[in-house]
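Keeping their order, the protein sequence lines are chains A and B. Throughout the first sequence, residue numbering follows the working numbering, covering 144 to 364 in sequence. Throughout the second sequence, residue numbering follows the working numbering, covering 144 to 364 in sequence. Each residue gets a CB set at the ideal place from its N, CA and C atoms; glycine is no exception. Just so it is clear, the structure is predicted and the values come from calculations on it, not from any experiment. Working notes for the structure below.
There are 2 protein chains.
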Amino acid sequence: MPKLVAGDIATALRKRISSGEWEDRIPPERDLAGEFGVARNTVRRAVGLLEEDGTLVRQVGRGTFVAAADPNSMPAVFARMEGTSPADMMEIRLLLEPAAAGFAATNASAGELNAVRDAYQTACEATDMPEFEHWDAEFHHRIFACSRNEFLKELHNLMRILRNQSPWFEMKKRSFSEERRQTYCVEHEAILDRLLRRDPEGARAAMLAHLQTVARNLLGR
Amino acid sequence: MPKLVAGDIATALRKRISSGEWEDRIPPERDLAGEFGVARNTVRRAVGLLEEDGTLVRQVGRGTFVAAADPNSMPAVFARMEGTSPADMMEIRLLLEPAAAGFAATNASAGELNAVRDAYQTACEATDMPEFEHWDAEFHHRIFACSRNEFLKELHNLMRILRNQSPWFEMKKRSFSEERRQTYCVEHEAILDRLLRRDPEGARAAMLAHLQTVARNLLGR
DNA sequence: CTGTTATGAACCGATAGTGAACCAATCTAT
DNA sequence: ATAGATTGGTTCACTATCGGTTCATAACAG
């Protein structure tokens, strides 16, 4: 039988890693070799095994690090969210925005509704596309602000941030036209009308219809 | 060893910044280098890290300043989300989870449904409360995993993280009893049943009913 | 014998930190 | 208005510590 020292060292290392002995960086190979009373090449093989199965990450000139990265940490979740596809995002908008419109119809103050109306009007009167986009987004955001659900509002913020990133930008550009802008204005007006009438079910339906239009335009079909 | 001092200095600076030690302007790099007993180049690297993530802004000839917090940045959104009230959160769960169950009924693979069933059974057979809680959460999470909407899945992760924070913990404890645990098991079984029958509308309704029970228990009424 | 594994050593290239010099923008005091 | 001090920006040579690679050698199992 061969000595399999490398394998033994690998399991020993794995144990000490999972015990949390090393926060993120493990000692240099040369030190480990000394500690285990073994040649560096042997340690290298052991570390190589742990690197293959994703336990460790090696960086020349820096050191060897435990792969770590808690997949349930906030940053990790946000990082994965950045890869959200337009279709997935749209599916969620179709869930949340009509609900937000419904909440807004019942909960909004008169002042908040005025703010929504202002955003609607400014968007309609916008002359160039970036300005329309801004007030379009603001219109939707102000509806969320009326919902009286802070978490829902922040979820919309989150979606806004995600939509202001790379693949979306071009997509929005391609899917835009003067005709569609006017369609959006009409649909916004319908939503605003239901909000002002304090009609939750109507607001929900109007928002749903609007988003279905947006989805058609954005995702093509 | 490359000591990787820059990273440590960066975190030290981040801490002192958030503690409000410096209102607006932080000390010159040369001073910091002296204070940390380190070369200026090293401080520059640390400050560079904080500049990249938007914590600091540097201006030649003037100094280095803590950046005004952008309310539309990911960290800011996250920070505000941490203050989410149980009622607001519940309102969103009532929107998202039934939808996820509906998606799952149509999109899940057989293997994924097995995983859901396993989580259900393990939760039912759990003897102590922490174990039940874990598999309860896992049951819900695996349903989201079946939804085939990555963004929806991450939204659930987000809510899970938020719910694992301070005010929630005690709340869950107070709202818990053996009787309720059994109720949850029965309701979970109903959801699982609809999923296995590939009945989206039924799954949606069953999940909604379950969450309404949870809401009653959690928020009292 | 052959093939595998471990050894020990040497050398490579990448990365981090040091210390110092000099540049360019800005502010302050005269 | 000008001169000098202050501050971040850039570059450089140098050192030390890493992982990456190779090779000759020894030990051992089949």
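Problem set entry | Cutoff 8 Å: E194/B Cβ touching any chain A Cβ | no
Exercise. Would A253/A be called buried (16 or more neighbouring beta carbons within 10 Å of its own) or exposed?
Worked result: exposed
Exercise. Counting only beta-carbon atoms, is V209/B nearer than 8 Å to chain A?
Worked result: no
For this session: Using three-state DSSP, classify F208/B as helix, strand or coil.
Result: strand
Exercise. Is it the case that the Cβ atoms of A262/A and R285/A are separated by a distance below 8 Å?
Worked result: yes
Exercise. For the candidate residues R303/B, A280/B and N360/B, whose alpha-carbon lies nearest to that of Q322/B?
Worked result: Looking at the sequence itself, residue 322/B is Glu, so the reference to Gln does not match. When only C-alpha atoms are compared, the closest one is N360/B.
Problem set entry | the segment 264 to 271 of chain A in contact with the segment 144 to 161 of chain B per 3-pair CB rule at 8 Å | no
For this session: Could you pull out every residue in the same chain whose Cβ sits closer than 8 Å to the Cβ of G363/A, ignoring the five residues on either side in sequence?
Result: S318
For this session: Find the nearest neighbour of R366/A within the set H299/A, R168/A, L256/A and F312/A, judged by alpha-carbon distance.
Result: Given that chain A is displayed from residue 144 to residue 364, the structure contains no residue 366/A and the question cannot be resolved.
Exercise. Over what stretch of residues does the beta strand (DSSP E) that includes R201/A continue unbroken?
Worked result: L199 to Q202
Problem set entry | A288/B to A247/B span [Cα, whole Å] | 8 Å
Problem set entry | Residue-chain proximity (F221/B, chain A), Cβ-Cβ < 8 Å | yes
Exercise. Would a C-beta distance cut-off of 8 Å place M314/B and P214/B closer than the cut-off?
Worked result: no
Exercise. Excluding sequence positions up to five away, which residues of its chain have a Cβ less than 6 Å from the Cβ of I160/A?
Worked result: V209
For this session: Check each residue of the segment 235 to 250 of chain B: if its Cβ is closer than 7 Å to any Cβ of chain A, include it; give the result in chain order.
Result: I235, L238, L239 and A242
Problem set entry | Same chain only: Cβ atoms within 6 Å of A349/B, ignoring 5 sequence neighbours per side | A333, I334 and R337
Problem set entry | Beta-carbon proximity list for E225/B, same chain, < 7 Å, skipping 5 on both sides | L305 and Q308
Exercise. Who are the Cβ neighbours of H299/A in its own chain at under 6 Å, not counting the five residues just before and after it?
Worked result: F287
For this session: Label D167/B either buried or exposed according to how many other C-beta atoms from any shown protein chain fall within 10 Å of its C-beta, with 16 as the threshold for buried.
Result: exposed
For this session: Assign Q355/A to one of three DSSP states: helix, strand, or coil.
Result: helix
For this session: Please check if any C-beta of chain B sits within less than 8 Å of the C-beta of T185/A.
Result: no
For this session: Name, going along the chain, the residues of the segment 281 to 301 of chain B whose beta-carbon falls closer than 8 Å to a beta-carbon of chain A.
Result: N292, E293, F294, L295, E297, L298, N300 and L301
Exercise. Taking buried to mean at least 16 other C-beta atoms within 10 Å of its own C-beta, is V203/B buried or exposed?
Worked result: exposed
Problem set entry | CB-CB length for E240/A against L354/A, believed under 8 Å | 6 Å
Problem set entry | Identified DSSP bridge partners for I169/A | T207/A
Exercise. Taking only beta-carbon atoms, is N215/A less than 8 Å away from chain B?
Worked result: yes
Exercise. Is T270/A helix, strand or coil when you go by DSSP?
Worked result: coil
Exercise. With a cut-off of 8 Å, does the C-beta of D279/A fall near any C-beta of chain B?
Worked result: no
Exercise. Given R291/A, which residues of its chain have a CB within under 6 Å of its CB, disregarding the five upstream and five downstream residues?
Worked result: N250
Exercise. Applying the criterion that 16 or more other CB atoms from any shown protein chain within 10 Å of the CB defines a buried residue, is F294/B buried or exposed?
Worked result: buried
For this session: Could you tell me whether any Cβ in chain A is nearer than 8 Å to the Cβ of I160/B?
Result: no
For this session: Give the secondary structure of E164/A by DSSP, where H, G and I count as helix, E and B as strand, and everything else as coil.
Result: coil
Exercise. Would a check of beta-carbon distances place D271/A closer than 8 Å to chain B?
Worked result: no
Problem set entry | Contact under 8 Å by Cβ, E172/A with V186/A | yes
For this session: Tell me whether T227/A sits in a helix, a strand or coil according to DSSP, three-state version.
Result: coil
Exercise. Can you tell me where the alpha helix (DSSP H) with A189/B in it begins and where it stops?
Worked result: R183 to E195
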